[in-house]
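Residue numbers (our numbering): 34 to 484.
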């Protein structure tokens, strides 16, 4: 089996990631926006957008540290945050929309990189740098995603929502149905789903920490873990947003965030969006008619096709299947709750969810195939998943009206296409799992004959 050079691979990946960030920074500045490098550098001093995310990155970095080193790293991060919060309080500097903590976590992660270069050698240096890279990639992935979303809103003045909404008739307009159910559930139902939807990254970090729990003792990372899949989904998904810009039913056919402004335990009275077509969501499904592009504002992200929340929740579900019972239950709950939230909040159409599932399984298959030295069965599965994903996008774009007019045929075909990818993934990866060791039969001692 072909063996890839590990050191060269990590170096090439690092250079490619840096070049991508630089290119994205340059593109963002062309639209007058701060890029991911700028926003990340600001968080060394200014209040970060998400302190929880920075501490999650620190937690991933600490998987390579000993227990004593972890306590030292966490204490240092908290100490730095305490100093910065005291300074801000003394000078009357507020946090704005940011968090008052999180800077210390970023400083400690960067400090670990300095320690790796100056005080570590050989495999220990590589291991610590991998931990630093893992933490920084989580944070950079979030910044990259935010920049991508801003770019989609600025560079795509029209959206394709009528095409997806028309195709969604083949699936029974699930967003309209679930939207009415979530609205009827009131503040408690909305708030529960909102917590699950907004804290998806926290759930992913908890699963990743379980998968990486033995790194410090074994001094190596497992061959495949959730963070890899999460990062690849976040890297490739926004690029598809640029090809297939969609804002979602609550924005295209509803009142935007105004619909949920008074729903929830903590009502939000900030201004919402607008709708370019009649206000229909979630009460009345749009009529079946030839779709066309519609103009939309330069603020709302075009982040629907595919549903990355569905993709990430599916990845969490997959990576919890080999964990303990509680983790398996949590993964299943997070998947079901996320699917309910994406539809019920009006952020996605049913067609987005099908594409998101196929998208994740294809990426998972590709990563695991790569780990196995380009296994032929994995290559076939990856190619098939990619074919189905492209076929879904093409059908949504060019065949939505026939799909809506023949929903009893096209709807089951769409679901069967997704199920075929699921079946192929389970069947192929099941062959890769090690067979359980046979349980030896207990040897019975010969018994004396009874006379």
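Positions of the beta carbon are idealized from the N, C-alpha and C atoms, including for glycine. All figures in this text were calculated on a predicted structure; none of them were measured in a lab.
Going by DSSP, what residue range makes up the alpha helix (DSSP H) through residue i?
| i | result |
| --- | --- |
| residue 294 | That residue, residue 294, is in no alpha helix (DSSP H); it is neither H nor E in DSSP. |
| residue 360 | 358 to 377 |
| residue 438 | 433 to 438 |
| residue 207 | 207 to 231 |
| residue 345 | 341 to 352 |
| residue 397 | 383 to 404 |
| residue 317 | No alpha helix (DSSP H) holds residue 317; DSSP gives it neither H nor E. |
| residue 251 | 248 to 251 |
| residue 114 | 100 to 123 |
| residue 203 | That residue, residue 203, is in no alpha helix (DSSP H); it is neither H nor E in DSSP. |
| residue 137 | 136 to 152 |
| residue 332 | Premise fails: residue 332 is in no alpha helix (DSSP H) and is neither H nor E. |
| residue 68 | Residue 68 -> no alpha helix (DSSP H), and no H or E assigned at all. |
| residue 275 | 259 to 276 |
| residue 88 | 84 to 94 |
| residue 283 | 282 to 285 |
Residues in the same chain with beta-carbon distance under 8 Å from residue i, minus the five sequence neighbours each way, listed in chain order, please.
| i | result |
| --- | --- |
| residue 296 | 216, 219, 220, 223 |
| residue 243 | 356, 360 |
| residue 110 | 88, 91, 137, 138, 140, 141 |
| residue 404 | 256, 257 |
| residue 64 | 183, 184, 187, 188 |
| residue 197 | 279, 337, 338, 382, 384, 385, 429, 433 |
| residue 375 | 230, 340, 342, 343, 381, 385, 386 |
Taking DSSP's pairing of strands, which residues face residue i in a bridge?
| i | result |
| --- | --- |
| residue 192 | 327 |
Leaving out five residues before and five after residue i in sequence, what residues of the same chain have Cβ atoms less than 6 Å from its Cβ?
| i | result |
| --- | --- |
| residue 51 | none |
| residue 151 | none |
| residue 84 | 132, 134, 135 |
| residue 189 | 278, 335 |
| residue 200 | 384, 429, 433, 436 |
| residue 326 | 191 |
| residue 461 | 410, 414 |
| residue 524 | No answer is possible for residue 524: it lies beyond the span of the chain, which begins at 34 and ends at 484. |
Beta-carbon within less than 7 Å of residue i's beta-carbon, same chain only, minus the 5 sequence neighbours each way: which residues are those?
| i | result |
| --- | --- |
| residue 361 | 353, 354 |
| residue 272 | none |
| residue 236 | 349, 367 |
| residue 99 | 249 |
| residue 483 | For residue 483, the pLDDT reaches just 49, beneath the cut-off of 50, and the residue's location in the model is therefore unreliable, although a value from the coordinates is still provided. Cβ neighbours of residue 483 beyond the five flanking positions: none. |
Pick from the options: whose alpha carbon is nearest that of residue i?
| i | options | result |
| --- | --- | --- |
| residue 366 | 377, 241, 349 | 349 |
| residue 393 | 418, 370, 403, 410 | 418 |
| residue 400 | 154, 66, 57, 264 | 264 |
| residue 53 | 430, 74, 268 | 268 |
| residue 406 | 452, 465, 442 | 465 |
| residue 112 | 88, 123, 137 | 137 |
| residue 182 | 404, 69, 95 | 69 |
| residue 143 | 167, 154, 177, 121 | 167 |
| residue 170 | 72, 315, 408, 261 | 261 |
| residue 424 | 284, 446, 409, 326 | 446 |
| residue 345 | 396, 107, 75, 310 | 396 |
| residue 310 | 293, 290, 316, 284 | 284 |
| residue 391 | 416, 402, 408, 329 | 416 |
| residue 492 | 332, 276, 71 | Since the first residue of the chain shown is 34 and the last is 484, residue 492 is not available in this structure. |
| residue 176 | 82, 153, 59, 398 | 82 |
| residue 431 | 347, 324, 402 | 324 |
| residue 330 | 314, 289, 80 | 289 |
| residue 232 | 370, 108, 281 | 370 |
| residue 105 | 212, 145, 319, 76 | 145 |
| residue 86 | 209, 238, 253, 213 | 238 |
| residue 126 | 161, 93, 78 | 78 |
| residue 178 | 252, 275, 208 | 275 |
| residue 121 | 80, 246, 193 | 80 |
| residue 162 | 123, 252, 57 | 252 |
| residue 195 | 227, 328, 157, 228 | 328 |
| residue 398 | 282, 209, 245, 463 | 463 |
| residue 245 | 124, 317, 211, 160 | 160 |
| residue 333 | 214, 158, 180, 58 | 180 |
| residue 102 | 60, 148, 75 | 148 |
| residue 207 | 58, 318, 73, 408 | 318 |
Can you give the beta carbon distance from residue i to residue j, rounded, assuming they're within the 8 Å contact cut?
| i | j | result |
| --- | --- | --- |
| residue 202 | residue 321 | 6 Å |
| residue 456 | residue 414 | Contact flag wrong, Cβ pair sits at about 10 Å. |
| residue 411 | residue 343 | The Cβ separation is near 23 Å, so there is no contact. |
| residue 386 | residue 372 | 6 Å |
| residue 96 | residue 205 | Not quite, the Cβ-Cβ distance comes to about 44 Å (not below 8 Å), so this is no contact. |
| residue 287 | residue 379 | 6 Å |
| residue 454 | residue 421 | 5 Å |
| residue 241 | residue 259 | 5 Å |
| residue 314 | residue 209 | 6 Å |
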